[in-house]
Amino acid sequence: MRGRSGDSLTSSSPSLACPFSKHFPKYRIDLTRVQPPKKSGLSLPFVVHLQKSLRKREWEAKMSTDIEWMETAAAAAEGERGGVQAITIFQRLWDCASELSFPSESAADGNQQQRVILGLTDATHLSVVQHWKDIFDWMQQEDSLQNLLGDVKIDVTLHNDEKGIVLVELVSHGTVIMSVANPNNTYNPDLLTEGTQSWVKRILVDQGICPFTKSVKLSGQGLGELGIPVAKIYFCSSDANQQQLSKLMAGTFRILGKYYR
1 MRGRSGDSLT SSSPSLACPF SKHFPKYRID LTRVQPPKKS GLSLPFVVHL
51 QKSLRKREWE AKMSTDIEWM ETAAAAAEGE RGGVQAITIF QRLWDCASEL
101 SFPSESAADG NQQQRVILGL TDATHLSVVQ HWKDIFDWMQ QEDSLQNLLG
151 DVKIDVTLHN DEKGIVLVEL VSHGTVIMSV ANPNNTYNPD LLTEGTQSWV
201 KRILVDQGIC PFTKSVKLSG QGLGELGIPV AKIYFCSSDA NQQQLSKLMA
251 GTFRILGKYY R
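Sequential numbering from 1 applies to the sequence shown in the working numbering.
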């Protein structure tokens with residue numbers, strides 16, 4: 001992460017370097033589209049499905065636990081159902097981090113170790129899960145963010161093989177804070193949306209702070225020459241508290257996946 005002058009604000013240690021400071025291709029990072037690799041020869045769908053099932057069983061036996069398998073877009077193109085995009089993988093990984101830090105009331109409390117393993121049947125998304133791991137590891141090491149992730153330390157380990165299987169193993173250590181419903185919780189998404197829309201109209205529209213926003217429903221007017229179409233404005237909120245950054249991130253990617261077309 002860098003300041004205006006370009007001076008580094010992070011530690012000199014490479015392991016603590018902020019992953020958000022990496023250089024990416026100009027304009028956008030394609031986090032949603034994955035082109036399945038081209039393969040030579042013919043393969044029958046039922047043979048491919050059988051091979052993947054056998055590989056899954058081998059890994060579950062090796063890891064000595066059940067694995068939550070998420071099918072990739074590449075696997076779906078080969079005939080399997082349930083193809084998932086990279087945004088959904090990010091969302092599920094943040095969900096797992098949140099669930100390990102703040103489990104439901106049915107989970108045992110106190111000092112304990114919990115373990116979750118997500119599996120992908122195609123190596124296409126290896127770079128996606130590696131990028132998520134870089135971000136999450138940095139957040140846990142950054143002093144200013146530690147209080148936003150709860151009191152649990154989560155170790156993230158990636159496993160993969162030459163046949164295309166990718167596993168993300170999350171193991172938590174420490175005192176787990178139970179996620180108990182707060183009877184005094186005043187979270188009201190409709191009220192938050194109404195208040196935010198009122199602010200957008202008063203500040204951005206009526207006072208012309210943003211010349212490209214003409215209403216609380218649409219934005220992007222006047223950007224057609226730059227190839228940016230007018231689009232709807234979506235107002236979203238979360239009931240995550242100040243220590244549930246992972247829950248907030250999971251909700252953000254869930255919304256992105258819901259409204260992306």
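All C-beta atoms, glycine included, are put in the ideal place defined by N, C-alpha and C. Because the structure is a prediction, the values reported are computed rather than measured.
Asked                                                                                                   : Found
T65 (DSSP reduced to helix, strand or coil)                                                             : coil
First through last residue of the alpha helix (DSSP H) which encompasses L145                           : 143 to 146
contact_flag[the region 155 to 175, the region 197 to 204] where n(CB pairs < 8 angstroms) is 3 or more : no
Cβ-Cβ distance between V152 and S98 below 7 angstroms                                                   : no
6 angstroms CB neighbourhood of D341 in its chain, flanking five on each side removed                   : The shown model of the chain, from 1 to 261, leaves out residue 341, and the question about it has no answer.
Segment limits, beta strand (DSSP E) that includes K163                                                 : Taken as a continuous stretch (DSSP letters only), K163 belongs to no beta strand (DSSP E), as it is neither H nor E.
Reduced DSSP category for G82 - H, G, I as helix; E, B as strand; rest coil                             : No answer about G82 holds up, because its pLDDT of 43 lies below 50 and its placement is not dependable.
Where T121 falls, given that 16 or more other Cβ within 10 Å makes a residue buried                     : buried
Proximity of Q91 and F253 at Cβ, strictly below 7 angstroms                                             : yes
Closest by C-alpha distance to A123, when choosing among D190, K52, G220                                : K52
Cβ neighbour criterion (16 or more within 10 Å) applied to F46                                          : exposed
Secondary structure of F253, DSSP reduced to three states                                               : helix
Under the three-state DSSP convention, the category A240 falls into                                     : coil
Distance, Y187 Cα to T196 Cα                                                                            : 14 angstroms
Distance between E71 and D206 (C-alpha atoms, nearest Å)                                                : 47 angstroms
Contact set for Q140: own chain, Cβ-Cβ below 8 angstroms, skip 5 residues either direction              : Q146, L149, K153, I154
C-beta contact flag for I67 and G119 at 7 angstroms                                                     : yes
Where G174 sits in the DSSP three-state scheme                                                          : strand
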